[in-house]
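S.K.: Supplied in structure tokens, the structure appears directly below.
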Amino acid sequence: MTDPFRTAAVRERVLAAWAASPARFREDANAEQDLTHGAYRDRLLVELAQNAADAAARAGRPGRLRLSLVDGELRAANTGAPLDPAGVEALATLRASAKRDGGTVGRFGVGFAAVLTVSDAPAVLSAAGGVRFSAAETRALVAAVPALAEELARRGGQVPVLRLPFPAAETPPAGWDTEVRLPLRDGA
């Protein structure tokens, strides 16, 4: 599988930072948990719509958004600017949005965390490439870092899901520039 957004390098850098400072790992996990259980827990659809509106604004054309439920996945397909390296970096960090244009809605770098209210394995797909996140795969990588073992155990295995992106091979459906796929957790 290709890795057009160099997610392996992102994972390597983040894991090295966490290993050097388990407090950084704790900070990332706490911040993500605060957003998904607090301020952003009821904002999923709003955030997906805002991201679609921002993509349309960046592309300089009217946008479209389609929400669908397919085989236990909530899918949000939109038209507009596709995923790019700056967008991947923004997805994989907190409060580091690449959006600075006054014409966009989202520019604080926290809204995408709302996807974690319903999914442990969100993916963002575009024609240029896609990324996915996985609580299980992140947990496995963190468990392999001896410096993080104590903190991981203290957290009961809870990890910051949106810090370690992985490449995704899928593409959005025809006629759409980007699609967010959220395999729904039981009870979501």
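Count the sequence shown with our numbering and you get residues 3 to 190, in order. Glycine residues also receive a C-beta, built at the ideal position from the N, C-alpha and C atoms. Fair warning: this is a prediction, and the values are worked out from it, not measured in the lab.
(1) Closest to residue 119 by CA distance: which of 28, 48 and 24 is it?
(2) Can you tell me which of the three DSSP states residue 124 falls into?
(3) Pair every Cβ in the stretch 79–86 with every Cβ in the stretch 134–142, then say whether three or more of these pairs are closer than 8 Å.
(4) Grab me the residues of residue 1's own chain with a C-beta within less than 8 Å of its C-beta, minus the 5 sequence neighbours each way, in chain order.
(5) Note down the Cα distance separating residue 115 from residue 182, rounded to an integer number of angstroms.
(6) Looking at the C-beta of residue 166, does it have a partner C-beta in chain C at a distance below 9 Å?
(7) Report the option in 38, 147, 124 and 59 whose CA atom is closest to the CA atom of residue 78.
(8) Between which two residues does the alpha helix (DSSP H) carrying residue 132 extend?
(9) So the candidates are 61, 62 and 53; which of them puts its Cα closest to the Cα of residue 68?
(10) Would you mind listing the alpha helix (DSSP H) stretches within the stretch 138–165 that are 4+ residues and don't spill past its ends, in chain order?
(11) With distances taken between CB atoms, is the gap from residue 126 to residue 176 smaller than 9 Å?
(12) Provide the residue(s) that pair with residue 53 in DSSP beta bridges, ordered along the chain.
(13) Return yes when the C-beta of residue 78 is under 8 Å from any heavy atom of the ligand NAP, and no when it is not.
(14) Where DSSP assigns a beta bridge to residue 26, which residues make up the other side?
(15) Would you mind reading off the limits of the alpha helix (DSSP H) that contains residue 90?
(16) Do the CB positions of residue 92 and residue 165 come within less than 9 Å of each other?
(17) From this set, 122, 146 and 151, which residue's C-alpha is nearest residue 167's C-alpha?
(18) I believe residue 31 touches residue 157 by the beta-carbon criterion, under 8 Å. Please report the beta-carbon distance rounded to the nearest angstrom.
M.R.: Checking against the coordinates, here is how it stands:
(1) 48
(2) coil
(3) no
(4) Lying outside 3 to 190, the shown extent of the chain, residue 1 is not represented and no answer is given.
(5) 13 Å
(6) No chain C is present in this structure, which holds just one protein chain.
(7) 124
(8) From DSSP, residue 132 is part of no alpha helix (DSSP H) but of the beta strand (DSSP E) over 131–134.
(9) 53
(10) 151–156
(11) no
(12) Residue 53 is not bridged to any residue.
(13) Here there are no bound small molecules, and the ligand NAP is not part of this structure.
(14) DSSP output for residue 26 lists no bridge partner at all.
(15) 87–93
(16) no
(17) 122
(18) 6 Å
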